[in-house]
Amino acid sequence: MWAKSRLRSALIVDISPETKSTPFLFVADQLSHYFTLAAFLPCERVFEETENVADCILAWPTRSQNMIFFEQRESHYGFIESPRNWLGETFTDAHGYHSSESVLKMLENADSAGAPEWHDFLYIRKPGEKTWARRFCVIRNSGLYTTKKNKRAYTPTGLIRLLVFDEHIHIYTTTGGWSRMHAPTPHGFALKVNYPVFGIFLG
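See the structure below:
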């Protein structure tokens with residue numbers, strides 16, 4: 126039993142594991158987690174290590190159908206163990222990420238040197254729009270950019286920033302609903318920073 130003086134806030138949560146059973150879990154605001162998955166509509170995302178589970182649940186609407194799944198995923202560190210399979214041959218060859226050691230070194234230096242720039246064509250749908258636009262995009266540490274002329278060749282002044290990346294950004298991957306969203310491909314993700322949500326599909 127928790128002493129009242131030590132417990133600031135707590136929740137009783139209905140958990141939906143892979144077995145589809147519905148056990149309940151006592152969640153205190155001091156609770157940490159090893160690996161969790163939060164689902165939102167046809168999307169899902171992984172909790173960050175620094176996130177507070179109780180704060181996330183309390184932010185959901187009262188009648189929300191969001192669920193938390195506790196899963197074991199063998200591919201959790203797949204991009205480190207097999208960088209060519211996860212990051213693509215073009216990207217790994219260009220930056221020399223041919224081994225797990227080289228990827229780990231990049232991650233260790235990410236705070237000071239930043240992550241390498243990534244660019245390719247993506248399908249983007251801005252908040253409030255119903256159609257998808259194929260745009261040449263650039264992802265940097267500072268945010269998501271698109272080129273003014275929508276071509277691979279660009280200069281720093283030819284970029285338009287669509288979204289600013291900060292510590293509060295959440296990345297969701299799609300798990301369904303592609304027909305309803307009129308998605309161009311099933312390989313999509315959404316970037317959420319506070320209120321704006323950008324839907325993106327790989328071209």
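Residue numbering for the sequence shown follows my numbering, starting at 126 and increasing by one per position. We treat Cβ as the ideally placed atom computed from N, Cα and C, and that holds for glycine.
Buried or exposed (CB count within 10 angstroms, at least 16 for buried), residue i
| i | result |
| --- | --- |
| T271 | buried |
| W185 | exposed |
| T217 | buried |
| L288 | buried |
| L212 | buried |
| T310 | exposed |
Whole-angstrom C-beta distance between residue j and residue i, which should lie under 8 Å
| i | j | result |
| --- | --- | --- |
| E242 | I264 | 7 Å |
| E343 | T298 | In the structure displayed, the chain extends from 126 to 328; residue 343 sits before or after that span and is not available. |
| G268 | R250 | Not a contact, Cβ separation roughly 17 Å. |
| I205 | V171 | I205 to V171, Cβ: 15 Å. No contact. |
| A258 | Y248 | 7 Å |
First through last residue of the alpha helix (DSSP H) which encompasses residue i
| i | result |
| --- | --- |
| K391 | Any question about residue 391 goes unanswered here, given that the chain covers just 126 to 328. |
| H220 | E214 to H220 |
| D245 | It is not in any alpha helix (DSSP H) - D245 instead sits in the beta strand (DSSP E) that spans W243 to R250. |
| F204 | G203 to E206 |
Three-state secondary structure (DSSP) of residue i
| i | result |
| --- | --- |
| G283 | helix |
| T187 | coil |
| G313 | strand |
| R305 | coil |
| E169 | strand |
Distance between residue j and residue i (C-alpha atoms, nearest Å)
| i | j | result |
| --- | --- | --- |
| L316 | I296 | 5 Å |
| Y222 | S200 | 18 Å |
| T161 | N177 | Its pLDDT being 49, under 50, T161 is placed unreliably by the model, and nothing is read from it. |
| P208 | N234 | 17 Å |
| A308 | A238 | 35 Å |
| F246 | C181 | 33 Å |
| W303 | F314 | 11 Å |
| R277 | G203 | 29 Å |
| S224 | K230 | 10 Å |
| F194 | T256 | 32 Å |
| R260 | N275 | 6 Å |
| M192 | T280 | 43 Å |
N- and C-terminal bounds of the beta strand (DSSP E) containing residue i
| i | result |
| --- | --- |
| A258 | A258 to R265 |
| G268 | G268 to T272 |
| F194 | M192 to F194 |
| H295 | I294 to T299 |
Any non-hydrogen atom of the ligand SAH within 6 Å of residue i CB
| i | result |
| --- | --- |
| C181 | The ligand SAH is absent from the structure shown, which contains no ligand whatsoever. |
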